[in-house]
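Student: Let me give you the structure first, and then I'll get to my questions.
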Amino acid sequence: MEEHPAEHATAVASPPGRDGSDRLPQSPGEPPGEPAIWSRNFRYYFVARSAGLLSWAMLPVAVAAGLLIEGYGLDAAGYSMAFLVAPFAGLVLFGGVLADRFTARRMMIVADLANLTAHILLALLFLHGIDHLWQLYALLVVAGTANALFQPGASSTVPLVSRDVQGANGVLRTSEAITGLGGPALAGVLVGFGSTGWVMVISAVAYGTSAVCLYVLRLGAVPAPPPGESLWRNLAVGWREFRARGWLWGVIVIWMFYAVLSWGPQLSVAAGVIVPEHGARSFGLINAALGAGTVLGGLLAIRYKPERPLAAGAVAMLAYPLYPLGIVLGLPVWVLAAAQVVVGAGIGVWGVMWATSVQTQVPGEMLNRIHAYEVAGSVGMYPIGSALAGPAVGAFGTDQVLLTGVVVSFLTATALLAARPIRTLRRVPDRR
25 MEEHPAEHAT AVASPPGRDG SDRLPQSPGE PPGEPAIWSR NFRYYFVARS
75 AGLLSWAMLP VAVAAGLLIE GYGLDAAGYS MAFLVAPFAG LVLFGGVLAD
125 RFTARRMMIV ADLANLTAHI LLALLFLHGI DHLWQLYALL VVAGTANALF
175 QPGASSTVPL VSRDVQGANG VLRTSEAITG LGGPALAGVL VGFGSTGWVM
225 VISAVAYGTS AVCLYVLRLG AVPAPPPGES LWRNLAVGWR EFRARGWLWG
275 VIVIWMFYAV LSWGPQLSVA AGVIVPEHGA RSFGLINAAL GAGTVLGGLL
325 AIRYKPERPL AAGAVAMLAY PLYPLGIVLG LPVWVLAAAQ VVVGAGIGVW
375 GVMWATSVQT QVPGEMLNRI HAYEVAGSVG MYPIGSALAG PAVGAFGTDQ
425 VLLTGVVVSF LTATALLAAR PIRTLRRVPD RR
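Start counting the sequence shown at 25; every next residue gets the next number (this note's numbering).
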C-alpha cells in the first residue's frame with residue numbers, strides 16, 4: 025500500500041494535475057499500459073464501492089421490516105431512519121475536511137471498519153431479539169456517521185483510479201443502480217424468512233471486503249491541503265473555493281429547489297396514488313423500471329462524451345416530468361413503467377456528467393470538501409421535500425403536488441441550460 029499526502033498550496037486555479045497540454049496526467053500509482061477504465065486500481069475500487077452500495081441499499085429495508093416483524097410500530101421504523109440519515113446529513117461536511125487532511129482512502133477504510141463493527145453488533149441484536157431500542161438507534165448513528173466519513177472520498181478517488189473518469193463514473197453509476205435494485209430485494213427476501221440478522225452478517229462481510237480492497241490500492245501521492253491549518257480553516261477554505269465556481273454552486277442552488285418541490289415529495293405521493301389503485305407489486309415494478317433505466321443511462325454515459333457535459337445532462341433531465349405527469353393523467357402501469365425507464369436513463373446520464381465535471385474541474389486537494397458541500401446542499405434537501413409531502417397533499421391535493429413537481433422539474437432542466445456557466449462548461453479531456 026502506497027499513499028502519501030502531496031503538499032500543495034490551497035489556491036490552485038486549474039484542475040488537479042493539469043499541465044500545459046490541457047490533459048490530465050496519468051493517475052498516481054498507475055502502471056504504464058493499464059486500461060483507461062478497468063485498471064488494477066479501478067477493479068479493486070469497483071468491488072469496494074459495489075460492496076458498500078449493496079450494504080447501504082439493504083440496511084433501511086432490513087431495519088424497517090425487522091422492527092415490524094419484532095412487533096414494533098411504524099414510529100420505531102421512522103425513528104430508526106432518522107437516526108441513520110441525520111448523522112450523515114449533519115457530519116458529511118466534516119467528512120470532507122477529514123478526507124482532505126488524512127487522505128480519502130484512510131477515511132474510507134476507517135468508515136468501512138466502523139460499519140463492519142456496527143453491522144456485526146446489529147446482527148447480534150436482531151438474532152437475539154431487540155430488548156432496548158436505544159441500542160439499535162445507537163448502532164444506526166454509528167452507521168450514518170461512517171457513511172458521512174466515507175461519502176466525500178467516494179467521489180474524489182475516482183480520478184485517482186481511472187484515466188477515463190467519465191467512463192469510470194458510468195460503470196459506477198450502473199453498479200449503483202443494480203445494487204439499488206438488488207439490495208432491497210435481497211433484504212426483503214431474507215427478512216421474509218426471518219433472517220434480519222443474516223442481512224447484517226452479509227453487510228458486515230461486504231464492508232470487510234470493501235476495507236480490504238481499499239487497503240490494497242496503489243494511489244501514490246495524493247493531493248492534500250497545507251499542513252498546520254485547523255479543521256475550521258480547512259472548512260472555510262473549502263467554502264470559499266465552492267463559492268468561486270459559478271457552475272458548481274449554480275447547480276446546487278437549482279437542485280435545492282428541485283429536491284424540495286419535486287424530487288423529495290414524489291416517492292411518497294406516487295405511492296399514495298399507485299398502491300391503492302394498482303397494488304404494491306405494481307409500485308415495485310415501476311420503481312424497478314426506474315432502476316433499469318438508470319442502468320441504461322450509466323451504460324450510455326460510458327461512451328457518450330459530449331463537449332459540454334452539464335448541458336447534455338440537463339437535456340437528459342427533461343425526461344423527468346414524464347412519470348409524475350403520467351400519474352396525474354391516470355396512465356396504465358405499463359406506460360408509467362416505460363416512462364420510468366426513460367426517466368431513469370436521464371437521471372443516469374445527468375449523474376455521470378455531473379460527477380465527472382466535479383471530479384475533473386476541482387483541484388484534488390479541495391475535492392473532498394467541495395463534494396461534501398455538494399452533498400449537503402443537494403441531497404440534504406431531499407428529506408425536507410419528503411417530510412412536506414403529506415402536509416402539501418392535505419392542503420392542495422395530490423394532483424396539485426404532482427403537477428408542481430412536473431413544472432419544477434421542467435424548470436430545473438431549463439434553468440441548468442439557461443445558466444451560462446453551467447451550459448458552457450467544457451469537458452476535460454481524458455488522461456492518455
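For each residue, glycine too, the CB sits at the ideal point set by N, CA and C.
Kindly confirm or deny that the stretch 338-349 and the stretch 392-404 touch, where touching means at least three C-beta pairs closer than 8 angstroms.
Tutor: Flag = no, the stretch 338-349 and the stretch 392-404 do not touch.
Student: Assess contact between the stretch 193-203 and the stretch 369-381, defined as three or more Cβ pairs (one per stretch) separated by less than 8 angstroms. Is contact present?
Tutor: Result yes; three or more Cβ-Cβ pairs closer than 8 angstroms.
Student: Would you kindly check if the distance between the Cβ of S306 and the Cβ of V357 is under 7 angstroms?
Tutor: Taking 7 angstroms as the Cβ cut-off, V357 and S306 qualify as a contacting pair.
Student: Less than 7 angstroms separating the beta-carbons of S79 and Y239?
Tutor: Cβ atoms of S79 and Y239: not closer than 7 angstroms.
Student: Looking at the structure shown, is R444 part of a helix, part of a strand, or coil, going by DSSP?
Tutor: Three-state result, R444: helix.
Student: If you reduce the DSSP assignment to three classes, tell me which class L243 lands in.
Tutor: The answer is strand: DSSP assigns L243 an E or B state.
Student: On the three-pair Cβ rule with 8 angstroms, is the stretch 123-139 touching the stretch 186-196?
Tutor: At 8 angstroms Cβ cutoff, the stretches do not touch.
Student: Locate the alpha helix (DSSP H) running through R393, then write down its first and last residues.
Tutor: R393 -> alpha helix (DSSP H) spans L391 to S402.
Student: If you compare alpha carbons, which of V367, L360, P289 and W158 is closest to V321?
Tutor: Before going on, a small fix: residue 321 reads as Gly here, not Val. The option with the nearest alpha carbon to G321 is V367.
Student: Compute the minimum distance between the beta carbon of H143 and the heavy atoms of the ligand COA, and state whether it is under 6 angstroms.
Tutor: The ligand content of the structure shown is nil, which means the ligand COA is not present either.
Student: Taking buried to mean at least 16 other C-beta atoms within 10 Å of its own C-beta, is V359 buried or exposed?
Tutor: Exposed is the call here.
Student: May I ask which residues mark the beginning and end of the alpha helix (DSSP H) holding E200?
Tutor: Where E200 is concerned, the enclosing alpha helix (DSSP H) stretches over V189 to G216.
Student: Which same chain residues, not among the five before or five after V299, have their C-beta less than 6 angstroms away from its C-beta?
Tutor: Answer for V299: F307, listed in chain order.
Student: Quick one: residues in its chain with C-beta nearer than 7 angstroms to the C-beta of R450, no 5 flanking neighbours on either side, listed in chain order?
Tutor: These residues qualify, in order along the chain: E331 and R332.
Student: Can you tell me which of the three DSSP states P474 falls into?
Tutor: Only positions 25 to 456 of the chain appear in this structure, which leaves residue 474 out of reach.
Student: Within the chosen definition, does the stretch 309-318 reach the stretch 419-433 through at least 3 CB pairs nearer than 8 angstroms?
Tutor: Touching, no.
Student: Rounded to the nearest angstrom, how far is the Cβ of L391 from that of V275, given a contact under 8 angstroms?
Tutor: That pair is no contact at about 16 angstroms.
Student: Buried or exposed, going by whether 16 or more other CB atoms sit within 10 Å of the CB of V425?
Tutor: Buried is the call here.
Student: What's the gap between the Cα of V277 and the Cα of K329?
Tutor: Rounded to the nearest angstrom, the two C-alpha atoms are 25 angstroms apart.
Student: Find the nearest neighbour of V339 within the set L146, A172 and G370, judged by alpha-carbon distance.
Tutor: Of the listed residues, the one whose Cα sits closest to V339 is G370.
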